[in-house]
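Number of protein chains: 2
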Amino acid sequence: MMQGTPPTTDPKLTTRQLRRQPRLIVNTGDGKGKSTAAFGMALRGWNQGWSIGVYQFVKSPNWRTGEKAAFAALDEVHRQTGQGGPVEWHAMGAGWTWLRATQDVDQTELARQGWERIKQQLAEQTHTLYVLDEFSYVLANGWLDVDEVLQTLAERPGTQHVVMTGRRMPQQVIDAADLVTEMTKLKHPFDTGAKGQAGIEW
Amino acid sequence: MMQGTPPTTDPKLTTRQLRRQPRLIVNTGDGKGKSTAAFGMALRGWNQGWSIGVYQFVKSPNWRTGEKAAFAALDEVHRQTGQGGPVEWHAMGAGWTWLRATQDVDQTELARQGWERIKQQLAEQTHTLYVLDEFSYVLANGWLDVDEVLQTLAERPGTQHVVMTGRRMPQQVIDAADLVTEMTKLKHPFDTGAKGQAGIEW
Numbered sequence: 069m070m071q072g073t074p075p076t077t078d079p080k081l082t083t084r085q086l087r088r089q090p091r092l093i094v095n096t097g098d099g100k101g102k103s104t105a106a107f108g109m110a111l112r113g114w115n116q117g118w119s120i121g122v123y124q125f126v127k128s129p130n131w132r133t134g135e136k137a138a139f140a141a142l143d144e145v146h147r148q149t150g151q152g153g154p155v156e157w158h159a160m161g162a163g164w165t166w167l168r169a170t171q172d173v174d175q176t177e178l179a180r181q182g183w184e185r186i187k188q189q190l191a192e193q194t195h196t197l198y199v200l201d202e203f204s205y206v207l208a209n210g211w212l213d214v215d216e217v218l219q220t221l222a223e224r225p226g227t228q229h230v231v232m233t234g235r236r237m238p239q240q241v242i243d244a245a246d247l248v249t250e251m252t253k254l255k256h257p258f259d260t261g262a263k264g265q266a267g268i269e270w
Numbered sequence: 069m070m071q072g073t074p075p076t077t078d079p080k081l082t083t084r085q086l087r088r089q090p091r092l093i094v095n096t097g098d099g100k101g102k103s104t105a106a107f108g109m110a111l112r113g114w115n116q117g118w119s120i121g122v123y124q125f126v127k128s129p130n131w132r133t134g135e136k137a138a139f140a141a142l143d144e145v146h147r148q149t150g151q152g153g154p155v156e157w158h159a160m161g162a163g164w165t166w167l168r169a170t171q172d173v174d175q176t177e178l179a180r181q182g183w184e185r186i187k188q189q190l191a192e193q194t195h196t197l198y199v200l201d202e203f204s205y206v207l208a209n210g211w212l213d214v215d216e217v218l219q220t221l222a223e224r225p226g227t228q229h230v231v232m233t234g235r236r237m238p239q240q241v242i243d244a245a246d247l248v249t250e251m252t253k254l255k256h257p258f259d260t261g262a263k264g265q266a267g268i269e270w
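Right under this line is the structure:
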């Protein structure tokens, strides 16, 4: 920490309160591991008994099939034994899971409907951890207003953590975030013509 | 890919074979997400039905408690329903799980015993994915010979993927790896005096 930089944490808060500060977390960069790290963090949250909401802002319905299946299994463990927490998974790829007919809805509109749902859940404090996967894609495309997103997050009640992933996260989001990690590719097998593998790439 | 760089992949292999090449994967750097991304990848492997072996080369028995509990639950799901794959978790912190008495064994010796076990499992093709968490710590401290480790990995039979995590991974390992990602901290709440939180930091 630079000398002279005042801590942003209110010194009057107790340690217990300091341990319950809501976090805005960003995993960005061109390397692998942005989403996998977000899902790894969700594993920890699950074990804390947190309610977890995943919003997958990607088109392909085949992405994250492994993570989705594993979290569905963990959600089922929670239902049956009480261990861990519930997990709710929403994917834009095949239309959000709460929408009936999405054939006539374009991508921009789908992204907006996803965000409206997140806003509603934040207001109702539905989850303790929100994973907004590939959310930078939505922001970078201008489908949502970054200022409105950050304003909503700044005003979210209680202790609700939000993890956003994706390349080229807008600088405003990085400035507003509490924890930002950049994943950089040093070497990738595709560079030398290798093919993707189940279990590794998806 | 640079022009003129020949692909290292054997052109005579079929697509199916190319999709089954064993990978050596490294997550390094000073940022967060190295281990969480490795465990996120293990989620995908679990969903593929892979046998997963986790070797936790850290001292603190409290680390990764969330991931450990979640994977124990997934292992149980596999036993009860056949979904996913089995997960075996070994932690050096409280002594490796297969050792009875470890009070008299020092850290260096524990690390070596962990590696001997991995060598044995690689020879027997016990797992499809090995997560060697904080393995760079062991290598950087000189507790294991890097050349011997890389030689063993180069000669491992079948399709066994190995993910190593940790700061300051030796350059030889990076050179030998197929996929290397560096996690860099752009911003961290501890910088401004915030405290760690259950579910976020562990």
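Residue numbers (this note's numbering), protein chains in the order written: chain B, 69 to 270; chain D, 69 to 270.
Every residue, glycine too, gets a C-beta built ideally from N, C-alpha and C.
* Asked: Cα-Cα, which of D:Ala141, D:Tyr198, D:Gly210, D:Ala137 is closest to Gly267 (chain B)?
  -> Start at 1 with the first residue of the first sequence, and residue 267 (chain B) comes out as number 199. Per the Cα distances, D:Tyr198.
* **Spatially closest choice to Met160 (chain D) from D:His146, D:Gln148, D:Gln175, by CA coordinates** => Here residue 160 (chain D) corresponds to residue number 92 of the second sequence, with the count starting at 1. Closest by alpha carbon: D:Gln175.
* For Thr165 (chain D), does the count of other Cβ atoms within 10 angstroms reach 16, so buried, or fall short, so exposed? -> Here residue 165 (chain D) corresponds to residue number 97 of the second sequence, with the count starting at 1. Of the residues assessed, Thr165 (chain D) falls on the exposed side of the cut-off, its CB having fewer than 16 other CB atoms within 10 angstroms.
* What three-state label does DSSP hand Pro74 (chain B) in the structure shown? -> Taking the first residue of the first sequence as 1, we reach residue 74 (chain B) at position 6. Reliability of the predicted coordinates at Pro74 (chain B) is poor, the pLDDT of 43 falling under 50, and the value obtained from them is presented with this limitation in mind. In the structure shown, the three-state DSSP call for Pro74 (chain B) is coil.
* Where does Gly121 (chain B) fall in DSSP's three states? -> In the first sequence, counting from the first residue as 1, residue 121 (chain B) sits at position 53. Reduced to three states, the DSSP call for Gly121 (chain B) is strand.
* Buried or exposed (CB count within 10 angstroms, at least 16 for buried), Arg112 (chain B) -> Position 44 of the first sequence, counting from 1, holds the residue named residue 112 (chain B). Note on Arg112 (chain B): 16 or more other CB atoms within 10 angstroms of its CB, so buried under the neighbour-count rule.
* Between Ala105 (chain B) and Ala105 (chain D), which are expected to be in contact by the criterion C-beta below 8 Å, what is the C-beta distance as a whole number of angstroms? -> The residue given as residue 105 (chain B) occupies position 37 in the first sequence. The residue given as residue 105 (chain D) occupies position 37 in the second sequence. Rounded, the Cβ-Cβ distance is 4 Å, consistent with contact.
* DSSP on Ile268 (chain D), reduced to helix/strand/coil? -> Along the second sequence, one-based indexing puts residue 268 (chain D) at 200. It is coil, neither helix nor strand.
* To do: Using a Cβ-Cβ cut-off of less than 7 Å, list which residues of the segment 237-256 of chain D approach chain B; keep chain order.
  => Within the segment 237-256 of chain D, the residues whose Cβ lies closer than 7 Å to any Cβ of chain B are, in chain order, Ile242, Ala245, Asp246, Leu247, Val248, Thr249, Glu250, Met251, Thr252, Lys253, Leu254, Lys255, His256.
* **Rounded Cβ spacing between Ser103 (chain B) and Asp201 (chain B) (contact assumed at less than 8 Å)** => Translated into the one-based positions of the first sequence, residue 103 (chain B) becomes position 35. Translated into the one-based positions of the first sequence, residue 201 (chain B) becomes position 133. The C-beta distance from Ser103 (chain B) to Asp201 (chain B) rounds to 5 Å, short enough to fall under 8 Å.
* How long is the line joining the alpha carbons of Thr73 (chain D) and Phe125 (chain B), rounded to whole angstroms? -> Along the second sequence, one-based indexing puts residue 73 (chain D) at 5. Along the first sequence, one-based indexing puts residue 125 (chain B) at 57. With a pLDDT of 42 at Thr73 (chain D), under the threshold of 50, the predicted position of this residue should be treated as unreliable, and no value is reported.
* Please say whether Gly163 (chain B) and Tyr123 (chain B) have beta carbons closer to each other than 8 Å? => What you label residue 123 (chain B) is simply residue 55 of the first sequence in a count that begins at 1. What you label residue 163 (chain B) is simply residue 95 of the first sequence in a count that begins at 1. No, the Cβ-Cβ distance between Tyr123 (chain B) and Gly163 (chain B) is not below 8 Å.
* **7 Å Cβ cut-off: residues of chain E touching Ala137 (chain B)** => In the displayed structure, chain E is absent; the protein chains listed are B and D.
* Contacts of Ala208 (chain D) in chain B (Cβ-Cβ under 8 Å) -> As a first step, residue 208 (chain D) is located in the second sequence; it is residue number 140 there, counting from the start. Residues of chain B passing the Cβ test: none, with the nearest at roughly 17 Å.
* To do: Taking only the alpha-carbon atoms, compute the straight-line gap between Gln239 (chain B) and Ala191 (chain B) and give it to the nearest angstrom.
  => Residue mapping note: residue 239 (chain B) aligns to position 171 of the first sequence, counting from 1. Residue mapping note: residue 191 (chain B) aligns to position 123 of the first sequence, counting from 1. Approximately 25 Å, taken between the alpha carbons.
* Establish whether the CB of His158 (chain D) and some CB of chain B are separated by less than 8 Å. => Here residue 158 (chain D) refers to the residue found at position 90 of the second sequence. Not closer than 8 Å to any Cβ of chain B, the Cβ of His158 (chain D) fails to qualify, so no.
* Scan the segment 136-155 of chain B for residues whose Cβ lies nearer than 7 Å to a Cβ of chain D and list them as they occur along the chain. => Under the 7 Å Cβ criterion, the segment 136-155 of chain B contributes Ala137, Ala138, Ala141, Leu142, Val145, Gln151, Gly152.
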